[in-house]
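Chains as they are written, first to last, in our numbering: chain A, -14 to 180; chain B, 29 to 285. Note that the Cβ used here is the ideal one computed from N, Cα and C, for glycine as well. All values derive from a computational prediction rather than experimental measurement. I have placed the structure first, in the form of structure tokens, so that the comments after it can refer back to it.
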Amino acid sequence: MTTQQAATPTAPPARHVPGQPDMWFFVLFESLIFTAYLGVYLYYRAQHQQAFLQAQSHLTLWLGVVDTIVLLTSSWSIARCVEQARAGRYDVARRDAYITAAFGVIFLVLKVVEWTRQIHLGNTFSSSDFFQYFFFLTAIHFVHLLIGFVALGILVRQLSDVKLRSQELVETCATYWHTVDFLWVLIFAVLYVAR
Amino acid sequence: MSPVALRDNPKRELWLAWGATVFFYNLYAVVFFVFTHIQPPGQPWYSPDQARTWFSHHHDGLLIGLALIFVFGGLSATSIALITYSIRRMSVSRAFSYSYLIIYSVSAVPGFLFICVALTAGAMRPDRSPQLQHWLYQLGFLSFSGTMGVFLIGSLVWMTAILLDRNGVFPKWFGYLNLCNALTEVVVSPSWIFKTGVFPWNGLIAWWIDVFVFGIYTGVFITLLRGFIIREDFGTGPLPPAPHWRFWATEPAEAGS
Chain A
-14 MTTQQAATPT
-4 APPARHVPGQ
6 PDMWFFVLFE
16 SLIFTAYLGV
26 YLYYRAQHQQ
36 AFLQAQSHLT
46 LWLGVVDTIV
56 LLTSSWSIAR
66 CVEQARAGRY
76 DVARRDAYIT
86 AAFGVIFLVL
96 KVVEWTRQIH
106 LGNTFSSSDF
116 FQYFFFLTAI
126 HFVHLLIGFV
136 ALGILVRQLS
146 DVKLRSQELV
156 ETCATYWHTV
166 DFLWVLIFAV
176 LYVAR
Chain B
29 MSPVALRDNP
39 KRELWLAWGA
49 TVFFYNLYAV
59 VFFVFTHIQP
69 PGQPWYSPDQ
79 ARTWFSHHHD
89 GLLIGLALIF
99 VFGGLSATSI
109 ALITYSIRRM
119 SVSRAFSYSY
129 LIIYSVSAVP
139 GFLFICVALT
149 AGAMRPDRSP
159 QLQHWLYQLG
169 FLSFSGTMGV
179 FLIGSLVWMT
189 AILLDRNGVF
199 PKWFGYLNLC
209 NALTEVVVSP
219 SWIFKTGVFP
229 WNGLIAWWID
239 VFVFGIYTGV
249 FITLLRGFII
259 REDFGTGPLP
269 PAPHWRFWAT
279 EPAEAGS
């Protein structure tokens, strides 16, 4: 027994994914579903390229870029939150979680502004094939982001309550937030950038 | 297992409910996909005359298939009951199981029975005016596909119960799969607006992708319910681990038997 104990300190720590491994199942499955949605969009876009390009020209690219920067920054702040929680600096971690939520709110406001602008331009959910996909993909992503606020609420509660505190749950919630960010990057690349 | 052991087996009723669940979903698949051709759904853009012709073409299948559903459709209650039982076995409030039971029982009326009643009414009176046949056709498919959102809250209730549970009744990843399923049920709602493209009731996104996800979800929860029954010890604390994580796992032998 003593010999074994002497040998173990040199062994590298067991590697594991951040948070609950179960959340990574969600990440994989949801990514596959979004891949299917985007695959369908790209297929129909290839069939009617001119009509899609013409409709796509109504999008404001810089607004999509700002959306992306805002969400990427929120991912950075949630990553900092996890780092601070690992270091035991829970107050700082909680502040980073609030910053993440603030960026999330900015994204939501920008999205509503963009939808309103498009509707005023006459581009509605049923006005053209491209805008069907635009409103659908951005709306389903919007729903994911709303769920992200629930995840942030759980994370803040974990950080606030000494009895509840679980690093695994903090990382699980952060993983969900990163997934929402990752899905937006896919949507941005396909809807706004791809020509 | 000998007949005597089966009679004394406290899990007998659970296995009966599980077997009825497997039977119901198989019957559902055969009737909806093979007999009646209700799935994949008919074209949403059909004119009144085309809708009337659709009823004529599917007349026999609709009557035989939907008669089977009217006889055995009540077995859908067994899966709801078994899931409710599994939630009761968790360490969470009973409010979760009651909510699930009520939501799914009520949702089955627009999400499952309306289509059976509407399409049977259409098939039983094929000489009715095309406009009325068209109305029944649309009522059937719109109620079936368009009301999937009513199951949303049920999936979220089950998800929340699983994620909060400390008895390990279901793995946490299945809780997250409930979220995936709930999100795809929202996606069907545009079928109220569109008749062509990928969002009507038979669209690539609103129907095909959703059915694929629902098929995986159903297969997974039936398998997990089986594992749950095997592990059930009729206590109140954490469930014992599965003896073998295989689909064909047998129940652990009773001590002293």
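Listed by chain order, chain A residues near residue i by CB distance under 7 Å
{"i": "Tyr204 (chain B)", "result": "Asp7, Met8, Phe10 and Phe11"}
{"i": "Ile233 (chain B)", "result": "Tyr22 and Val25"}
{"i": "Val215 (chain B)", "result": "Ile125"}
As assigned by DSSP and simplified to three states, the class of residue i
{"i": "Leu144 (chain A)", "result": "helix"}
{"i": "His163 (chain A)", "result": "helix"}
{"i": "Tyr126 (chain B)", "result": "helix"}
{"i": "Gln71 (chain B)", "result": "coil"}
{"i": "Ala48 (chain B)", "result": "helix"}
{"i": "Val178 (chain B)", "result": "helix"}
{"i": "Arg116 (chain B)", "result": "helix"}
{"i": "Asp77 (chain B)", "result": "helix"}
{"i": "Glu260 (chain B)", "result": "coil"}
{"i": "Asn195 (chain B)", "result": "coil"}
Beta-carbon spacing of residue i, residue j below 9 Å
{"i": "Glu213 (chain B)", "j": "Lys39 (chain B)", "result": "no"}
{"i": "Glu153 (chain A)", "j": "Gln5 (chain A)", "result": "yes"}
{"i": "Tyr28 (chain A)", "j": "Phe37 (chain A)", "result": "no"}
{"i": "Thr64 (chain B)", "j": "Gly93 (chain B)", "result": "yes"}
{"i": "Thr175 (chain B)", "j": "Pro138 (chain B)", "result": "yes"}
{"i": "Ser111 (chain A)", "j": "Gln103 (chain A)", "result": "no"}
{"i": "Leu110 (chain B)", "j": "Leu42 (chain B)", "result": "yes"}
{"i": "Ser104 (chain B)", "j": "Phe52 (chain B)", "result": "yes"}
{"i": "Ser135 (chain B)", "j": "Ala189 (chain B)", "result": "no"}
{"i": "Leu252 (chain B)", "j": "Phe179 (chain B)", "result": "no"}
{"i": "Gln41 (chain A)", "j": "Phe115 (chain A)", "result": "yes"}
{"i": "Gly196 (chain B)", "j": "Pro269 (chain B)", "result": "yes"}
{"i": "Ile18 (chain A)", "j": "Ile181 (chain B)", "result": "no"}
Contacts of residue i in chain B (Cβ-Cβ under 7 Å)
{"i": "Glu15 (chain A)", "result": "Cys208"}
{"i": "Gln152 (chain A)", "result": "Within 7 Å Cβ-Cβ: nothing; Gln152 (chain A) doesn't reach chain B, min ~16 Å."}
{"i": "Gln117 (chain A)", "result": "Gly225 and Phe227"}
Contact set between residue i and chain B, taken where Cβ atoms lie within less than 8 Å
{"i": "Ala179 (chain A)", "result": "Residues of chain B passing the Cβ test: none, with the nearest at roughly 18 Å."}
{"i": "Asp114 (chain A)", "result": "Gly225"}
Cross-chain neighbours of residue i in chain A, by beta carbon under 8 Å
{"i": "Val239 (chain B)", "result": "Result: empty, since nearest Cβ-Cβ is about 12 Å, beyond 8 Å."}
{"i": "Pro199 (chain B)", "result": "Asp7"}
{"i": "Ile221 (chain B)", "result": "Phe110 and Ser111"}
Partners in chain A for residue i, counting only beta-carbon separations shorter than 9 Å
{"i": "Thr212 (chain B)", "result": "Ile18"}
Listed by chain order, chain B residues near residue i by CB distance under 9 Å
{"i": "Val128 (chain A)", "result": "Leu211 and Val214"}
{"i": "Gln35 (chain A)", "result": "Chain B residues near Gln35 (chain A): none, gap ~17 Å exceeds 9 Å."}
Exercise for review: Determine contact between the region 71 to 83 of chain B and the region 172 to 180 of chain A, defined as no fewer than three beta-carbon pairs at a distance below 8 Å.
Suggested key: Result no; under three Cβ-Cβ pairs closer than 8 Å.
Check your understanding: Is it a yes or a no for the region 232 to 239 of chain B touching the region 201 to 208 of chain B, going by three-plus beta-carbon pairs under 8 Å?
Key -> No, the region 232 to 239 of chain B does not touch the region 201 to 208 of chain B.
Review point. Three or more beta-carbon pairs under 8 Å between the region 118 to 136 of chain A and the region 154 to 164 of chain A, yes or no?
Key: Segments in contact, yes.
Review point. With a cut-off of 8 Å, do at least 3 Cβ pairs link the region 83 to 100 of chain A to the region 56 to 73 of chain A?
Key: The region 83 to 100 of chain A vs the region 56 to 73 of chain A: in contact.
Point to revise | In chain order, each alpha helix (DSSP H) run of at least 4 residues that lies wholly inside the region 84 to 113 of chain B | key: With a minimum length of 4 residues, the continuous alpha helix (DSSP H) runs that stay inside the region 84 to 113 of chain B are 87 to 100.
Review point. For the region 69 to 76 of chain A against the region 46 to 58 of chain A, are there 3 or more C-beta pairs whose distance is under 8 Å?
Key: No, the region 69 to 76 of chain A does not touch the region 46 to 58 of chain A.
Practice item. With a floor of 4 residues, list each alpha helix (DSSP H) that falls wholly inside the region 13 to 79 of chain A, ordered by position along the chain. Key: Within the region 13 to 79 of chain A, the runs of alpha helix (DSSP H) that reach at least 4 residues and sit entirely inside it are, in chain order, 34 to 41 and 46 to 71.
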